[in-house]
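Enquirer:
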Amino acid sequence: GIDLKKHHVKNSNRTSPKSDNVYLALLVKLYRFLARRTDAKFNKVVLKRLFMSRVNRPPVSLSRVVRSAKGNNTVVVVGTVTDDSRLLEVPKLSVAALHFTKT
1139 GIDLKKHHVK NSNRTSPKSD NVYLALLVKL YRFLARRTDA KFNKVVLKRL
1189 FMSRVNRPPV SLSRVVRSAK GNNTVVVVGT VTDDSRLLEV PKLSVAALHF
1239 TKT
């Protein structure tokens, strides 16, 4: 027969996190539901980022979070938020992240 191109090619995208963290698994369960049942692209993006490895979820500094905060909106970081000692005054913010650290 004819040898079809891309016949044995597998989709290499992650469909679940490799981590056995139960809290991460609960977040994945929630965002899988939200991504499926709502039209918001945000839920699909968060779900994709929850599947990422730790290397591909780099830390975000507090100064960057402050810069991107607009109004009363909640800033969502799928990763670690790191304290920035260069920031003298931190305005009142609402931040959702997987982890917060000082260093």
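Take 1139 as the starting number for the sequence shown in our numbering and just add one per residue.
Just so it is clear, CB atoms sit at the ideal spot from N, CA and C, and this is done for glycine as well.
For clarity, every value in this text was computed on a predicted model and none was experimentally measured.
1. Which residues in the same chain have their Cβ closer than 6 Å to the Cβ of D1221, if we skip the five residues on either side of it in sequence?
2. Quick one: give me the first and last residue of the alpha helix (DSSP H) that V1204 is part of.
3. Check whether the region 1172-1182 touches the region 1154-1162, taking contact to mean three or more Cβ pairs, one atom from each stretch, closer than 8 Å.
4. Kindly indicate the opening and closing residues of the beta strand (DSSP E) around F1189.
5. The beta strand (DSSP E) with L1236 in it runs from where to where?
6. From the DSSP output, which residues share a beta bridge with V1219?
7. Between K1179, S1157, A1235, K1167, which has its C-alpha nearest T1212's C-alpha?
8. Between the Cα of N1194 and the Cα atoms of N1210, V1166, V1215, H1145, which residue gives the shortest distance?
Expert: Let me spell this out:
1. The residue you call residue 1221 lines up with position 83 of the sequence shown. Same-chain partners within the cutoff: L1200, K1240.
2. Here the question's residue 1204 lines up with position 66 in the sequence shown. Counting along the chain, the alpha helix (DSSP H) containing V1204 begins and ends at 1200-1206.
3. no
4. Here residue 1189 corresponds to residue number 51 of the sequence shown, with the count starting at 1. Here F1189 belongs to no beta strand (DSSP E), and DSSP marks it neither H nor E.
5. Residue numbering aside, residue 1236 sits at position 98 when the sequence shown is read from its first letter. Counting along the chain, the beta strand (DSSP E) containing L1236 begins and ends at 1233-1239.
6. Within the sequence shown, the letter at position 81 stands for residue 1219. Answer is V1198, F1238, bridged to V1219.
7. Within the sequence shown, the letter at position 74 stands for residue 1212. With distances taken between Cα atoms, T1212 lies closest to A1235.
8. Translated into the one-based positions of the sequence shown, residue 1194 becomes position 56. Nearest C-alpha to N1194: V1215.
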